[in-house]
Structures are given as structure tokens and as C-alpha cells.
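Right, one structure below, let's go through it.
2 protein chains.
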Amino acid sequence: MNPMAEQWNEKIRTANAHVHDMLSGLGREIYFPKEGILSQSAEATTHAKKYNATIGIATENGGPMHLNVIQDKLSAYSPKDLYGYAPPAGKPELRAAWREKMIRENPSLEGKAFGNPITTNALTHGLSIVADLFADSGDAVVYPDKNWENYELTFGIRRGAKIVNYELFDADMRFNAPAFRRALLEQKEAGKAIVPLNFPNNPTGYTPSVAEGEEIVSVLVEAAEAGINLVVVTDDAYFGLFFEDSLHESLFGKLAGLHPRILPIKIDGATKEEFVWGFRVGFITYASDDADVLTALEQKTMGIIRATISSGPHPSQTFVLDALKSPEFEAQKQEKFLIMKGRANKVKALLDSGKYEGVWTYYPFNSGYFMCLKLNPGIPAEALRQRLLHEYGVGTIALGETDLRIAFSCIAEEHLEDLFDLVYRGAQEIGQ
Amino acid sequence: MNPMAEQWNEKIRTANAHVHDMLSGLGREIYFPKEGILSQSAEATTHAKKYNATIGIATENGGPMHLNVIQDKLSAYSPKDLYGYAPPAGKPELRAAWREKMIRENPSLEGKAFGNPITTNALTHGLSIVADLFADSGDAVVYPDKNWENYELTFGIRRGAKIVNYELFDADMRFNAPAFRRALLEQKEAGKAIVPLNFPNNPTGYTPSVAEGEEIVSVLVEAAEAGINLVVVTDDAYFGLFFEDSLHESLFGKLAGLHPRILPIKIDGATKEEFVWGFRVGFITYASDDADVLTALEQKTMGIIRATISSGPHPSQTFVLDALKSPEFEAQKQEKFLIMKGRANKVKALLDSGKYEGVWTYYPFNSGYFMCLKLNPGIPAEALRQRLLHEYGVGTIALGETDLRIAFSCIAEEHLEDLFDLVYRGAQEIGQ
Chain Z
11 MNPMAEQWNE
21 KIRTANAHVH
31 DMLSGLGREI
41 YFPKEGILSQ
51 SAEATTHAKK
61 YNATIGIATE
71 NGGPMHLNVI
81 QDKLSAYSPK
91 DLYGYAPPAG
101 KPELRAAWRE
111 KMIRENPSLE
121 GKAFGNPITT
131 NALTHGLSIV
141 ADLFADSGDA
151 VVYPDKNWEN
161 YELTFGIRRG
171 AKIVNYELFD
181 ADMRFNAPAF
191 RRALLEQKEA
201 GKAIVPLNFP
211 NNPTGYTPSV
221 AEGEEIVSVL
231 VEAAEAGINL
241 VVVTDDAYFG
251 LFFEDSLHES
261 LFGKLAGLHP
271 RILPIKIDGA
281 TKEEFVWGFR
291 VGFITYASDD
301 ADVLTALEQK
311 TMGIIRATIS
321 SGPHPSQTFV
331 LDALKSPEFE
341 AQKQEKFLIM
351 KGRANKVKAL
361 LDSGKYEGVW
371 TYYPFNSGYF
381 MCLKLNPGIP
391 AEALRQRLLH
401 EYGVGTIALG
411 ETDLRIAFSC
421 IAEEHLEDLF
431 DLVYRGAQEI
441 GQ
Chain U
11 MNPMAEQWNE
21 KIRTANAHVH
31 DMLSGLGREI
41 YFPKEGILSQ
51 SAEATTHAKK
61 YNATIGIATE
71 NGGPMHLNVI
81 QDKLSAYSPK
91 DLYGYAPPAG
101 KPELRAAWRE
111 KMIRENPSLE
121 GKAFGNPITT
131 NALTHGLSIV
141 ADLFADSGDA
151 VVYPDKNWEN
161 YELTFGIRRG
171 AKIVNYELFD
181 ADMRFNAPAF
191 RRALLEQKEA
201 GKAIVPLNFP
211 NNPTGYTPSV
221 AEGEEIVSVL
231 VEAAEAGINL
241 VVVTDDAYFG
251 LFFEDSLHES
261 LFGKLAGLHP
271 RILPIKIDGA
281 TKEEFVWGFR
291 VGFITYASDD
301 ADVLTALEQK
311 TMGIIRATIS
321 SGPHPSQTFV
331 LDALKSPEFE
341 AQKQEKFLIM
351 KGRANKVKAL
361 LDSGKYEGVW
371 TYYPFNSGYF
381 MCLKLNPGIP
391 AEALRQRLLH
401 EYGVGTIALG
411 ETDLRIAFSC
421 IAEEHLEDLF
431 DLVYRGAQEI
441 GQ
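Taken in sequence, the protein lines are chains Z and U.
Just so you know, the first sequence maps onto residues 11 to 442 in the working numbering.
Just so you know, the second sequence maps onto residues 11 to 442 in the working numbering.
Set out below in C-alpha cells:
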């Protein structure tokens, strides 16, 4: 093993042996080269006042060389904020701004010990970093039966982890804490589980109530007390889009500092929150009471970023940072939030109006982009999807046998009634 | 194994069993989900003429929802080319434009069968995709002793591959074909090798002559004839920056269609060629005479992109595409090329002028961003680097015991003589 990797492993082991045990084989092997080209370059940036001949880019007139056909259209930004490499961990000012935002929007983080957010190529990249650093072949990844399909590729196929699903809702359509508890405690013998918590949930648009959030936390503590090391990943992709009286914070705040066998990791980003999906700007943040653990995990994260994409897109990071700093940002974001909330409320009003009876129920939703219909027996989701698409020109997503996901995020409020009328008509026709 | 993965494997096996044998365990397991959310969304894009409620973004007024604080500064571009997700394989128009450019700049590709370039988060990402799809623990990755340090993390640490180095230059400072041949033929028992060919080379700035290129190709054919399956990766990061009478094409063109045991893969990108390092736009392209092999490898590549970053940055892809389409692009690029060539020529003239005697020789260079001094015995590279940095404010990169890398890409032509004078002075002082 590389001596630098071993050194960081030793620091983690000394501070918290459970976290050391959570690392995958790759998580132990990976490190960020301190004596390599990047760190010699960094040293030169500080000291090479006369000539810096270390830089792996071309320069001209004291800045990055660039073509005017590009710069002319991006003239609102300085070449230095567009063309050079962003650091592997992201632009420092962006990381600082995101950290401030995180604390402002999650008051439960006050006084908790957690690291500086590390910039990722958006949320999938954050999840794949977790998979690389923590998932070995056969490790259990415990998440609900209503989930984002890409977990399967990221954790299951790529890392050979074992997927363990539990039922998200009980018969009364509340969070199924007993099922969650059972799925976790089943991992007692293995002594390890990776637990993604995705709220607002994709595909259902569900966020737990405050009381349900407390139940989730207490199940996690019970599993940790039972000797299971838990890598708990809050997948906060749709953070902030809370339209009702649910939790309005990430559970990351409650989990930080909670138990030595719980390693909380926050995965979030600008993509959905700031309506910049294609920009690919996300973050991964670790919580630990030990500064050495935070530094070691940051180094290992930079190592895996260096080994997979080297760095994320610099223009995107600049655009997001600039937006976060703009005095009009909050007001403009609030305006869009109200549009989304209007759509969610309208969907709920329609579903509760009594006009659609006898073909479906629906899963709880109060947040995010989506809601899911649960179709009655005799109405297969895929058949309904096909009929809606080809008879009515209406696109929906079929999930499993019974569920139809509808993204209200992309339908104007005044069209929602017509949309659900058509879905209802299709369901009636299929059910006959 | 997933049935879709198995289906693609079977198509590869039927068309070329050697390519099937080259795949890693992960390479066999990975697939792009055809019946998942992305493909249902794609179907809806075609047929949902009335309402498309599949889209995982928010829309408004027929386009992606966005904040004016961002759009006001990017007004030269349409919101649809910035905010939505780019497809996992990249913007189709960008891929088509890059393919045209590839053929225009590599006439040896004429009439050869090769796939559509797939967009990556730049060159490291392309290399990490090769590592994921083709490198298993213990597989040999054969590349020269003068190399880019990140190969070690990407292939060695991440995938557990065995690094096999050969001497890039012989005693006469020519490409060391016998050493390359020996290193390859040593893999006969294992029957497999991954062979990155990085020309212009980082760190030396060396590109083989046409005759040396032919030698490299004939060594590869000899190894393939000996029964070794070869994943040959042309790492064309610095493509196009050819300042002398070397090869001016990627060896990918010569390798396409050459031998059933040779799978040529081209890794290239806009980052260095178009002076947009931080944009993170690269490409991976496979060559095969069989269309099924090309489709299967494209599907597997999309699968691994989906599982790691989901998609690359959309704004960057838009900016690069726009530049490629601009009528002024070629002329502006040529202008920058001439500046770089002026710097390279000046460095060579200085080194050959006779004014620096007795402290160093230099490795052949004729291309790219860099050149490497080979310091005489008694002048340790790290000691010289430190002295230059702290005494003279000059930043350089020390590589191993004897080599000092100097990036002429970032030093204006009129400063090069002063720079080398200082390096010479430092070397004399160290050597005393």
C-alpha cells in the first residue's frame, strides 16, 4: 500500500476505528498524491514569482490562452474563471459559499463538526464516490423499494454491493419504520451497511414528517448500538422543495455527531435546487467530530476524483458561485419555488377532489418534482403508460407493476387538470 | 448477470471473441438500462406531443426553468443549450462535429470502421472508462518510464492493474522499440495487455517520427500474433501541437482494422487542443470492423458514465460545439498554435546554442506543452527544483532523480532565454 494512503488510514483508525472498518479496499488504497505534479504546481503558485513553468495549461498576457470565438460570448466572466482547471476539490470560494448556505438552511447543523463540501460532477458523482470509498463486493446497501433506479448501477453493478430493499410505506401509507428497522438489523452479522436516505424521495415526492424523521434517527441509533457500522448517505438532490409541513431540513444535521458507528455523508448540489441540471455541480460533505477523520476523507475523496475525472467543470462552478453571490438570487429562487409549490398543491387538490375514483390511490407526496399513482389491480402500469403515450400524447414513467410516476415539475399549473383527466380516462379504458 | 449485459456480451463474443476476452469483470456486467427512466423519457420525447410528464427537470414557457441572474450573463446561448441534462453520451451535434474533425485531421482514418465519439468529462474520464471496462486486478498496463503520473491512480490503485514500464528512449535518445517489444511479449502467458500510447508525450513533449510510428505498429502486430489481446489506447491529449517533422496523426488511424486481437481506443478532447482545460470536454472512440462490437462498447460506455457522473457538463459542450462551428475558429486556433510553436522552437534554439554546457542534456521534444531536461549526475532534480523556486522564483517540476520538466506552454517567448539562464545558473550552483 502507498505510504501516504497508509498514513491517512492510520489517522482514521486512531480517531475512529469504526470509520476505518467502513472503508472499502479501494477506500483504503486511494490517496491524493502529495509529492506529484499537482502539489509541485501548488507550491510554485505560491513561490514562483518570476516564472512559473509548471503549469499544464498555455498562458498568454498573464492569463489562460483562449479563443475569442468563445470569450466574446462569455464576456460577463473573466478568462481566469472559465478556462483553467478548477481544483480537484472545487473552487474554494464556491465550497465556502455552499457551506454557509448549508448551515443557514439546516439550523440543526449549528455547533456540529463537519467538513468543507467537496465539489463533485453533481449528485451521481457524489454517490459513486461513496460507492468507491465504502462499498466492497457483498456489502449491503439498504434503501426503500421506491427508489431512483441508478443506485442499482452505482452500488450494485459497479461495486458488487448487495441491494437490500425495504417497503417505504406501510399499509396506512406512513413511513414503514419497522420494515426499515428489520432490513438494518438483518445486517448485524455482517456488521456494516450503507444507507442512502433520499428525501424528497424520487420517485414519490415524499419527505418524512418531523416525527417520522425522529423514528428514522432512532432506528439508526439502535442498529449502531447493535454493532452495525453505518455509512448513512443523505441524498438531498431535491433539497428545499418542501411544500407542506414535513421535515424542512436534511437529516444530516441530526446525524452529525450522533454515534461513533454512524458516518453521516451529505450528497447535494445546485443541479435541482438552483435549476441548473446540466451544469453538473454537486457536493459531498462528511461529518465527524475528529478533524483527522475529516481531512483523511477529504484527501481520499480528492484522490478518487483525480483518478476518475481529475476535476469538475470550471465554467459551471463559476456560474453557480456568481448566482449564489447575486443579491437577486434568493428572490428569484423563491419565485420559482412558488411556481413548483403551486403545481404540487394543484395536483393534490385535484386528486382529493373526488373526481377520480376507482382506478388509483396515490403515495404520500409533499415535496420535490414528482408524485406516484398506485394503480388498482387490473391496470398494469406499463400498459397504461403505452396507452397514454400513443393514444393521448401524454408521457409518464411506469415503475414496476402498479406505479406511474408523474413529474409535476414540468407541467404548467393550468394544464394539470387536463393531464390528470387524460390519465384517468386512460386508466378507465385499461381497467374495463 | 443482467440479461441486457449478457446480450451485449454475446454480440461481442460472436463478432470478436478476443474483444470479449479483453473486458474486465465490470466491463462484462455493465449495461445501459434500456427499460429504465431514461429510455421511457426518450420515448416520451418522441411521442408525448401533448404533455410530457416524464422529465426530471422543471420547465416553464416551453423550456427549462432558470434564474435570470444566470441567464442574463449567458445570453449569447439559448437556455435549452445550458440548463437541461446533456445526454449521457454527449450532445449529438458535438459528437458528429468531433467525428468530422477527427477524420479531417487524421487522413489515415479514411475508409476505416470506427464508432461515434462518446463525450467524456475530459481525458482522465476517458482513461478511467477504459480502466473500468478493460482492467481487472493483475492485468498488465504497459507504458513508458516517462509518463503522466495519474495513470498510476487510474489503472493501478483504482483497478488493481499491474503497471509495467519500459524505457521510452534508448541510449541514442530514439524511441526504444526493443524495450517496448520486450515489455509487451512478457505478457504472453497472461495473454492480455492494456497499452496507453501518449504522443505528444507528457512530460517529454516527444512524438515519434513516421518511421518510429511504423515500428510501434509492427511491435503491436507481433505481440497480437503471439496471442496477446491488446487494448491499445491512444491518449491524444496534446493532439495537433506538432511543431516539427514527426507523426502528425494519431496512431489510432493506423491501428483501426489492423488485427482482431488489437482493440484501438482513441482518447482525446477539446481541453488542450482548443485551450479550454477547465471546460472538461473529451471523447472516447472505439475502432472495430464489426458494428455490433461498436454498439455494444458504446452501450457499456454509456452505462459506466451513467453509473459514475450520469452526464457531462452541458454548457461546456455547447461552448465547444459553438466554437467548432464558428467560421473564425480555425484561424484563431492557428494563431495560438503559432505562438506555441514559436515557444518550442525558441527553447530548442537556446538549448542547441552552446550556451548551456556541462550540466544537462535533454530528451527529444517536438510537440505538446513540455520539454524535459536530463540533469547530469550530481545535480539532483528535486534539489534543483527547490533552489530555483526559493532562490530565483522559478517554478519547475522534478520527476525522479534526474529529470526536470519545463512547460514552455506558459512562458512568453521573450522570457524563455532568461528562464533557461536561471535554470542553468541554478544547476551550476548545485553541481559545484
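Glycine is no exception: its CB is placed at the ideal position from the N, C-alpha and C atoms.
#1: Which residues, in chain order, does the stretch 280 to 291 of chain Z contribute to contact with chain U at a C-beta distance below 9 Å?
#2: Helix or strand or just coil, what does DSSP make of A52 (chain U)?
#3: Taking 7 Å as the limit between beta carbons, can you name the residues of its chain near I389 (chain Z), skipping five residues before and five after?
#4: Among the candidates U:I238, U:A193, U:G263 and U:T24, whose CA atom is the shortest distance from the CA of E224 (chain U)?
#5: Would you say the stretch 86 to 98 of chain Z touches the stretch 319 to 333 of chain Z, given that touching needs at least three Cβ pairs under 8 Å?
#6: DSSP on R23 (chain Z), reduced to helix/strand/coil?
#7: What whole-angstrom Cβ distance do I416 (chain Z) and T406 (chain Z) have, given they're in contact under 8 Å?
#8: K202 (chain U) bridges to which residues according to DSSP?
#9: Which first and last residues belong to the beta strand (DSSP E) in which K276 (chain U) is found?
#10: Quick one: which residues of the stretch 162 to 192 of chain U get their C-beta closer than 7 Å to a C-beta of chain Z? List them in chain order.
#11: Taking the alpha carbon of S377 (chain Z) as the point to measure from, which residue in Z:A247, Z:A203 and Z:A15 has its own alpha carbon closest?
#12: Any beta carbon from chain Z within less than 8 Å of Y93 (chain U)'s own beta carbon?
#13: Give a yes or no on whether 8 Å exceeds the smallest Cβ distance from S363 (chain Z) to chain U.
#14: Under a Cβ-count criterion, where at least 16 other Cβ atoms within 10 Å of its own Cβ denotes burial, should T443 (chain Z) be classed as buried or exposed?
#15: Should E259 (chain Z) be flagged as near chain U, meaning a C-beta pair shorter than 8 Å?
#16: Count the C-beta pairs between the stretch 184 to 198 of chain Z and the stretch 148 to 155 of chain Z that are closer than 8 Å, then say yes if the count reaches three, no if not.
#17: Excluding five sequence neighbours on each side, which residues of the same chain lie with their C-beta closer than 6 Å to the C-beta of D245 (chain U)?
#18: Mind reading off the beta-carbon distance from E222 (chain U) to F249 (chain U)? Whole number of angstroms is fine, and I expect it under 8 Å.
#19: Kindly indicate which residue of Z:E259, Z:N116 and Z:P270 has the alpha-carbon position closest to the one of A236 (chain Z).
#20: At least one CB of chain Z closer than 8 Å to the CB of E53 (chain U): is that the case?
#21: Name, please, each residue of chain A whose Cβ falls closer than 7 Å to the Cβ of Q342 (chain U).
#22: How would you call R169 (chain U), buried or exposed, if buried means at least 16 neighbouring beta carbons within 10 angstroms?
#23: Tell me which residues of the stretch 418 to 441 of chain Z have at least one Cβ-Cβ distance to chain U shorter than 8 Å, keeping chain order.
#24: What's the C-alpha gap between W108 (chain Z) and L84 (chain U)?
#25: According to DSSP, is M183 (chain U) helix, strand or coil?
#26: What do you get for S228 (chain U), buried or exposed, if any count of 16 or more other CB atoms within 10 angstroms of its CB means buried?
#27: Can you list the residues of chain Z that R316 (chain U) reaches, using a CB-CB cut of under 9 Å?
#28: State yes or no: is the C-beta of G292 (chain U) within less than 8 Å of the C-beta of G279 (chain U)?
#29: Please decide whether E225 (chain Z) counts as near chain U, where near means a Cβ-Cβ distance under 8 Å.
#30: Using a C-beta to C-beta distance shorter than 8 Å, which residues of chain Z count as neighbours of F339 (chain U)?
#31: Determine, using beta carbons only, whether E120 (chain U) comes closer than 8 Å to chain Z.
#32: Which residues in chain U have a C-beta closer than 7 Å to the C-beta of T64 (chain Z)? List them in chain order.
#33: Along the chain, where does the alpha helix (DSSP H) containing T134 (chain U) start, and where does it finish?
#34: Who are the neighbours of M350 (chain U) on chain Z, taking C-beta pairs under 8 Å?
#35: In terms of DSSP beta bridges, what is R415 (chain U) paired with?
#36: Verify the CB distance criterion: does L230 (chain U) have a CB-CB separation below 8 Å to chain Z?
In short, the structure shows the following:
#1: T281, K282, E284, F285, V286, W287, G288, F289, R290 and V291
#2: helix
#3: V369, A437, I440 and G441
#4: U:G263
#5: yes
#6: helix
#7: 6 Å
#8: U:N239
#9: I272 to G279
#10: L163, T164, I167 and R168
#11: Z:A247
#12: yes
#13: no
#14: The structure shown does not extend to residue 443 (chain Z), since chain Z is modelled only from 11 through 442, so no value can be given for it.
#15: no
#16: yes
#17: P206, N208 and I277
#18: With 8 Å as the limit, E222 (chain U) and F249 (chain U) do not qualify as a contact, their Cβ atoms being about 17 Å apart.
#19: Z:P270
#20: yes
#21: In the structure shown, chain A cannot be found, because the protein chains are Z and U.
#22: buried
#23: F418, S419, C420, I421, A422, H425, D428, L429 and L432
#24: 22 Å
#25: coil
#26: exposed
#27: T134, N160, L163 and T164
#28: yes
#29: no
#30: L77 and V79
#31: no
#32: G405, T406, I407 and A417
#33: L133 to F144
#34: A68
#35: U:C382 and U:I407
#36: no
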